[in-house]
Amino acid sequence: MVRAIQKDDKKRKIVTSTPKKAYGTPPSLGAGTPGSIKKRKSLGLKRRSKIKSPEQQKTPDIVAKKKRRFRPGTVALMEIRHFQKSGTLLLPRLPFSRVVREIMGDLGCNYRIQALALMALQEASEHFVVTLLELANLCAIHAKRVTVYPKDIRLARRIRGN
Numbered sequence: 001m002v003r004a005i006q007k008d009d010k011k012r013k014i015v016t017s018t019p020k021k022a023y024g025t026p027p028s029l030g031a032g033t034p035g036s037i038k039k040r041k042s043l044g045l046k047r048r049s050k051i052k053s054p055e056q057q058k059t060p061d062i063v064a065k066k067k068r069r070f071r072p073g074t075v076a077l078m079e080i081r082h083f084q085k086s087g088t089l090l091l092p093r094l095p096f097s098r099v100v101r102e103i104m105g106d107l108g109c110n111y112r113i114q115a116l117a118l119m120a121l122q123e124a125s126e127h128f129v130v131t132l133l134e135l136a137n138l139c140a141i142h143a144k145r146v147t148v149y150p151k152d153i154r155l156a157r158r159i160r161g162n
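Numbering (UniProt numbering), first residue to last: 1 to 162.
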């Protein structure tokens, strides 16, 4: 069976080469029956024109770039280098000051603290934690592990004498 496509201004029709039946036939015949007229369903998609309007020519096509994916451990090493270069404090000031004031409030007296003294406490506490974690990391490496466990931190504190 040969099919020919005929174009209308409004709708497309597929017409088969077999003759149509008489007027008495129902308008909706089965899909596989010869002699039926089928209307194509449009998907609602319009064809894109190759000629762009001036507004579309001004805006460049934005292509979503694939996010760069580093190998495991690379980002950690980059962060270590970044934080070692910077001289800023790692902990936010306000939460640290809240903890210090809470501890001072637990002592009973109503103490006040200068901003410079608070900064000195923060630097000393960050230095303590960083060196403790460095030693714990060395203990983990000595045990042929990569992950730092609590037992590494306990061993590092015991060796330091804290």
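Ideal Cβ positions, reconstructed from N, Cα and C, are used throughout, including at glycine.
Residue 75 carries a helical assignment under DSSP once its states are collapsed to helix, strand and coil.
Of the residues assessed, residue 106 falls on the exposed side of the cut-off, its CB having fewer than 16 other CB atoms within 10 angstroms. The three-state secondary structure of residue 101, taken from DSSP, is helix. Between the alpha carbons of residue 91 and residue 118 lies a distance of about 12 Å.
A contact is defined here as three or more CB-CB pairs under 8 Å, and the region 107-126 meets this definition with respect to the region 78-97. Residue 157 and residue 103 have their C-alpha atoms some 23 Å from each other.
Residue 131: member of the alpha helix (DSSP H) spanning 115-142, first to last residue.
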